[in-house]
Amino acid sequence: MRTSLARRVLAPLRASMSTTTTAPASSSSGQLSWPEFLSIRRARRRWELATTIPSTILCGVGGGAYFFSLEGDSSVPLFGIDPLYVYAAAGIGSTGLGYLIGPSIGGWAWRMSHRARLALIDARERELHKRILKYRVPPELTPANNPRLPDFYGEKIGSLHDYRRWLRDQARYKRKAEWSEGEGA
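Heads up, the sequence shown is in this note's numbering, so the first residue is 10 and it goes up one at a time.
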């Protein structure tokens with residue numbers, strides 16, 4: 010039973026891998042192989058991470074320079090608090106804003122640099138998302154005292170090996186949750 014499940018789940022991936030053997034052939038035929046897509050996906054996440062660091066630093070330095078240059082009168086509170094504390098919180102907030110904006114900037118820059126293959130990449134992304142929705146553990150199987158699901162959104166999938174490991178982890182968690190449900194009843 011276990012091997013038939015693995016064959017059924019991995020058969021579409023193997024079929025798509027066998028139809029395209031080289032990267033140039035996959036580009037000319039309008040298909041994107043799974044290993045190629047997963048490496049592109051990993052590169053996109055690296056771009057997002059690479060832009061997060063400078064945007065955090067720039068927004069922190071810029072916000073700090075602006076807010077700490079403002080004159081604050083201690084006798085006139087802002088929001089009922091000493092202005093120095095409000096300006097410090099605003100400087101820290103601008104650093105947090107830079108941290109949140111960084112991945113969006115990186116994703117936008119990555120999409121602009123990969124416009125030629127964007128339709129293929131988006132199609133594979135939708136297909137991967139459908140697979141993740143189909144095979145992941147349902148959230149209702151999560152006990153209240155241990156709400157940790159194994160990579161619920163498939164964010165750690167970066168290769169076919171990672172995808173297979175993700176499938177095994179999901180199946181193992183699902184079996185464990187269903188087994189413990191049957192035991193408690």
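Heads up, the beta-carbon is just placed ideally off N, CA and C, and yes, glycines get one too.
Per DSSP, the bridge partner or partners of residue i
{"i": "L87", "result": "I90"}
Under the three-state DSSP convention, the category residue i falls into
{"i": "R140", "result": "helix"}
{"i": "L174", "result": "The sequence given here has Arg at residue 174, not Leu. The answer is helix: DSSP assigns R174 an H, G or I state."}
{"i": "G115", "result": "helix"}
{"i": "P147", "result": "coil"}
{"i": "D131", "result": "helix"}
{"i": "E80", "result": "coil"}
{"i": "S168", "result": "coil"}
{"i": "G69", "result": "helix"}
{"i": "L58", "result": "helix"}
{"i": "P152", "result": "coil"}
{"i": "S122", "result": "helix"}
{"i": "A34", "result": "Residue placement at A34 cannot be trusted, given a pLDDT of 41 that sits under 50; what the coordinates show is reported in the next sentence. Here A34 sits in helix by DSSP."}
{"i": "P159", "result": "coil"}
{"i": "T28", "result": "Unreliable placement is indicated for T28, whose pLDDT of 46 sits below 50; no coordinate value is reported for it."}
{"i": "S42", "result": "coil"}
Presumed contact (8 Å Cβ cut-off) between residue i and residue j, rounded CB distance
{"i": "S103", "j": "G71", "result": "7 Å"}
{"i": "L158", "j": "T151", "result": "6 Å"}
Cβ contact check for the segment 96-116 and the segment 58-66: 3 or more pairs under 8 Å: yes
Three CB pairs or more closer than 8 Å across the segment 40-59 and the segment 86-106: no
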